[in-house]
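**Student:** Residue numbers (the working numbering): 7 to 397.
Ideal placement from N, C-alpha and C gives every residue a C-beta, glycine not left out.
(1) Please list the terminal residues of the continuous beta strand (DSSP E) segment that includes residue 371.
(2) For residue 130, list the residues DSSP reports as bridge partners.
(3) So is residue 238 buried or exposed if we call it buried at 16+ other beta carbons inside 10 Å?
(4) What does a CB cutoff of less than 7 Å around residue 357 pick up in its chain, not counting 5 residues either side in sequence?
(5) Could you tell me if residue 326 is buried or exposed, where buried requires 16 or more neighbouring beta carbons within 10 angstroms of its beta carbon?
(6) Starting from residue 184 and walking both ways along the beta strand (DSSP E), at which residues does that stretch end?
(7) Applying the criterion that 16 or more other CB atoms from any shown protein chain within 10 Å of the CB defines a buried residue, is residue 361 buried or exposed?
(8) Just list the residues that DSSP pairs residue 352 with in beta bridges.
(9) Among 229, 208, 302, which one has its Cα closest to the Cα of residue 267?
(10) Beta strand (DSSP E) containing residue 334: first to last residue?
(11) How is the beta strand (DSSP E) around residue 28 delimited, first residue to last?
(12) Note down the Cα distance separating residue 366 from residue 289, rounded to an integer number of angstroms.
(13) Take every Cβ of the region 125 to 133, pair it with every Cβ of the region 103 to 111, and state whether three or more of those distances are shorter than 8 Å.
(14) Taking residue 315 and residue 273 to be in contact with their CB atoms under 8 Å, please state how far apart those CB atoms are, rounded to whole angstroms.
(15) Starting from residue 330 and walking both ways along the beta strand (DSSP E), at which residues does that stretch end?
(16) Of all the options 56, 163, 41, 47, which has the alpha carbon lying nearest to the alpha carbon of residue 396?
(17) Find out if the Cβ-Cβ distance for the pair residue 295, residue 368 is shorter than 9 Å.
(18) Between which two residues does the beta strand (DSSP E) carrying residue 304 extend?
(19) Taking the continuous alpha helix (DSSP H) assigned at residue 145, which residues delimit it?
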């Protein structure tokens, strides 16, 4: 790849934006499209990484990570990726399905007997994985400190009753999905998600990312939600708080997600939100599902874990349309990716990471300034349009 240390050419829409990193010349237009997010004011800074046909073809950063523009964004920076984490959790599940250790059609109680309380004994792992089990929120107030206590969270969810007939609705589980799926991983493998990821993916592939960042890496962390614009009375948060039924409000406000971008959470194993990474590491994670020497997940397993189970209104996300295959978001009008078989996950801050099996491409875009408006976001669609042209 070619190192980037200068602004793009005068013909580029990103003129005046300083970069660090590397890009293969064929993909330079993608970097320029990302740069335009800064010049238009859609972003303050970003990291962008793309793996294609087994090679890292883009790994760049540009802009700044603070409003005062005193700290430049670098490719070495780390950030908590919020719900982008769920896609990496899905990759962990796929590895266990590949090994034959997990079966999507088996009842969860076969792996986690205590889960069968309160009428949940017939819920299959596939139903649980795909946000259809009716457990989108903790039914009692839970604090930020409580979220760090794995055993407490697992015990509460095991005893909790579904708020809808499992399997009959799809409703996004913002926080609970991580504990629910993570405990099944724990029961099957003996490892909690943080340990499983490092042993099965992170360490073997030398990936610089964690569910819960080590203390030694805290100096590389970049807080994000402090940059978020305040919600006004007509904003999405206000709609959620006023929504009925009450579990919709609890799913996004128990606790308030903007309280979670803090060191205690960065270091915790909270699989739905606490994956800490940079863009290159995230894209590398998804490369294990693509054809090539790095492939760890077969095409057959990939079809099983990404087979669409929902395409329509989401009962937790205020009836926004969504398309899911298992725990993965699939490419859709709400969250466009590269093609119909693309799978991955976006995050609360407007970042995204995904794989596209057809083009053998993995992508990660991490934004330094959160965009909390409903998707799709122009800054992501702009980058993906340029990437499609380059491919």
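**Tutor:** With the structure as the only source:
(1) 367 to 373
(2) 113
(3) Unreliable placement is indicated for residue 238, whose pLDDT of 42 sits below 50; no coordinate value is reported for it.
(4) The residues are 87, 90, 371, 372, 373.
(5) exposed
(6) Not the beta strand (DSSP E): residue 184 falls in the alpha helix (DSSP H), residues 182 to 195.
(7) buried
(8) 358
(9) 229
(10) 334 to 336
(11) For residue 28, the enclosing beta strand (DSSP E) has its first and last residue at 25 to 29.
(12) 12 Å
(13) Contact holds between the region 125 to 133 and the region 103 to 111, because three or more Cβ pairs, one in each stretch, are under 8 Å apart.
(14) About 33 Å; that fails the 8 Å criterion.
(15) 327 to 331
(16) 56
(17) yes
(18) Where residue 304 is concerned, there is no enclosing beta strand (DSSP E), given that its DSSP letter is neither H nor E.
(19) No alpha helix (DSSP H) holds residue 145; DSSP gives it neither H nor E.
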